[in-house]
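Visitor:
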Amino acid sequence: MSTQWTAPGTSGPGEPSPSPAPGGGPFAAEPAGGAPAPQGGPRRELVQSMPLFPLRPLGLGEILGAAVRIYRLRARSVLGIAAVVYGVAFVIMTFATGASMVPMFGDMQATLEDPDAVPTGMSTVSDIVLTVVSSLVSGIVSLVSTALVTVALTRVALGEAVGTHVPTSAMWATMRRKGLPAMGVCLLVALMSSVLFVVIFGLGMLPLILLGEATVVTVVVLVLGLIVGLLGVLWIFARTILAVPALVLEDIGVIAALRRSFAMTRGRRLWRVLGIALLVYVIYMFAAQLLVAMFVTVGTVIYVAILLVSFEAMLLGMIVLTVFSMLGSYAATFLLAPFLSAGFVALYADNRMRHEAWDVELTRRARAAWDVDGAQSR
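The opening position of the sequence shown corresponds to residue 395 in the numbering used here, with each subsequent residue numbered one higher.
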């Protein structure tokens with residue numbers, strides 16, 4: 395049989411091609427002189443990183459994924475800001491809590507020294523007043539710190555979604571500019587929730603107060619008042635959960651942000667927002683309780699060890715247990731704040747993309763940011 399003719403210096407049709415030189419493969423260097431690489435060889439091109447969430451209506455998994463992905467994209471910035479803000483807040487709250495517990499520790503120490511000692515009525519009244527004031531201070535400080543952190547993380551979350559890098563300095567600037575309005579939103583939401591619950595629960599208590607005795611009817615009405623009051627608080631939560639993202643991202647005022655949130659959750663939109671927001675918050679609370687439980691467990695072990703050494707050192711053990719509980723609350727709050735904020739921002743974006751075609755605007759921003767990055771890289 396005749397064989398097919400081949401040019402000198404070339405391989406025959408059945409011979410395998412030579413293996414690539416060492417150092418080749420998918421990440422080998424380009425040919426010198428700017429010549430294009432052979433087909434299948436390496437090519438240098440800009441690769442856009444995975445955004446916080448896709449720029450289209452989102453599913454539940456994508457919203458939860460955005461809440462987790464913020465740690466991979468901007469862990470140092472978001473955790474740093476949360477740690478600083480909540481650190482200052484927890485120092486104030488620790489002093490407030492400690493001040494309210496000083497009388498209790500004093501009575502405990504007096505009881506250990508003299509079991510027959512009974513606190514006077516005046517000290518009991520002052521203890522109650524001190525506890526109420528301490529709780530009020532702690533609640534306000536917690537509300538303010540949450541508002542500040544949410545403002546900063548809202549800005550950076552949307553930036554990561556459209557590919558715009560938001561530096562840490564811009565996050566602090568946003569916090570200074572939108573911090574007070576965000577506090578106003580949070581205070582108004584807390585006030586509305588409290589008033590609604592007190593009114594509904596008060597109506598449920600009315601039969602018991604009028605009759606002056608607990609019967610089946612009064613107890614049932616009381617329980618119904620409690621349930622309806624809690625449902626009212628949940629309704630306020632769902633209708634106002636998008637207020638802070640709207641405040642920051644749409645650059646509007648306090649009342650306008652609340653109106654905007656009510657508009658975005660009207661009708662059937664409410665149920666999707668309520669379900670997803672509640673799920674995000676439940677996951678947040680579950681993870682927070684796990685972290686707090688770890689610190690409390692360590693504190694309890696030390697507390698029991700102190701009691702085994704000396705029962706009279708119960709006061710020291712209580713202080714140690716309280717400190718570990720506060721540390722656990724602080725760690726859980728600042729570590730999980732980015733999860734909560736990014737989840738709510740993704741929910742806000744999903745609502746607008748789903749009902750207002752906001753994905754068109756976000757895509758335009760993303761392309762503009764991509765063009766800028768590409769021009770800077772060339």
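Cβ coordinates follow ideal geometry from the N, Cα and C atoms, glycine included.
Assuming GLY704 and LEU547 form a contact by the criterion Cβ under 8 Å, report the distance between their Cβ atoms to the nearest whole angstrom.
Guide: Gly is not the amino acid found at residue 704; the sequence shown has Ser there. Their Cβ separation, rounded to whole angstroms, is 46 Å, which puts SER704 and LEU547 out of contact at 8 Å.
Visitor: Around the C-beta of PHE680, are 16 or more other C-beta atoms found within 10 angstroms, so that it is buried, or is it exposed?
Guide: Label assigned to PHE680: exposed.
Visitor: For ASP645, count neighbouring C-beta atoms within 10 Å of its own C-beta (all shown protein chains included) and say buried if the count is 16 or more, exposed if not.
Guide: With fewer than 16 Cβ atoms within 10 Å of its Cβ, ASP645 is classed as exposed.
Visitor: Identify the continuous alpha helix (DSSP H) that holds HIS749 and give its terminal residues.
Guide: Per DSSP, HIS749 belongs to the alpha helix (DSSP H) from 708 to 750.
Visitor: Just checking my contact of SER723 with VAL676 at CB under 8 Å: how many whole Å lie between their CB atoms?
Guide: Between VAL676 and SER723 the Cβ distance is about 18 Å, and since that is not below 8 Å, they are no contact.
Visitor: Inspect the beta-carbon positions of SER655 and ILE630 and report whether they are closer than 8 Å.
Guide: No, the Cβ-Cβ distance between SER655 and ILE630 is not below 8 Å.
Visitor: Within the same chain, show all residues whose beta-carbon is closer than 6 Å to that of VAL627, passing over the 5 residues directly before and after it, in chain order.
Guide: SER587, PHE591, listed in sequence order.
Visitor: LEU625 to ALA699, Cα distance in whole Å?
Guide: Each residue's alpha carbon lies about 44 Å from the other.
Visitor: Give me the Cβ distance between ALA564 and ALA743, rounded to the nearest whole Å; I'm assuming they're in contact under 8 Å.
Guide: About 19 Å separates the two Cβ atoms, so there is no contact after all.
Visitor: Going by other Cβ atoms of all chains shown within 10 Å of its Cβ, with 16 needed for buried, is ALA551 buried or exposed?
Guide: Flag for ALA551 reads buried.
Visitor: Mind checking whether VAL648 and VAL543 have CB atoms under 8 Å apart?
Guide: For VAL648 and VAL543, no; Cβs fall outside 8 Å.
Visitor: Comparing alpha-carbon positions, which option in GLY578, PRO448, VAL690 lies nearest VAL538?
Guide: Minimum Cα distance to VAL538 is reached at GLY578.
Visitor: MET444: buried (16+ other C-beta within 10 angstroms of its C-beta) or exposed?
Guide: Under this definition MET444 is an exposed residue.
Visitor: Closest to CYS580 by C-alpha separation, out of VAL638, THR562, VAL617, would be which residue?
Guide: When each option's Cα is compared against that of CYS580, the closest is VAL638.
Visitor: Under three-state DSSP, which class holds SER704?
Guide: Coil.
Visitor: Report yes if the CB atom of LEU585 is closer than 8 Å to the CB atom of ILE670, and no otherwise.
Guide: No. Outside cutoff.
Visitor: State buried or exposed for PRO561, treating a residue as buried only when at least 16 other CB atoms are found within 10 Å of its CB.
Guide: So PRO561 ends up on the exposed side.
Visitor: In terms of residues, what are the limits of the alpha helix (DSSP H) holding VAL615?
Guide: From DSSP, the alpha helix (DSSP H) with VAL615 extends over 610 to 634.
Visitor: Using a Cβ-Cβ cutoff of less than 7 Å, which residues in the same chain neighbour VAL611 once the five nearest sequence positions on both sides are dropped?
Guide: Cβ within range, chain order: PRO601.
Visitor: CB-CB under 6 Å to ALA469, same chain, minus the five flanking residues each way: which ones, in chain order?
Guide: Same-chain partners within the cutoff: there are none.
Visitor: Exposed or buried, ARG463, counting other C-beta atoms within 10 Å across all chains shown (16 or more means buried)?
Guide: Buried.
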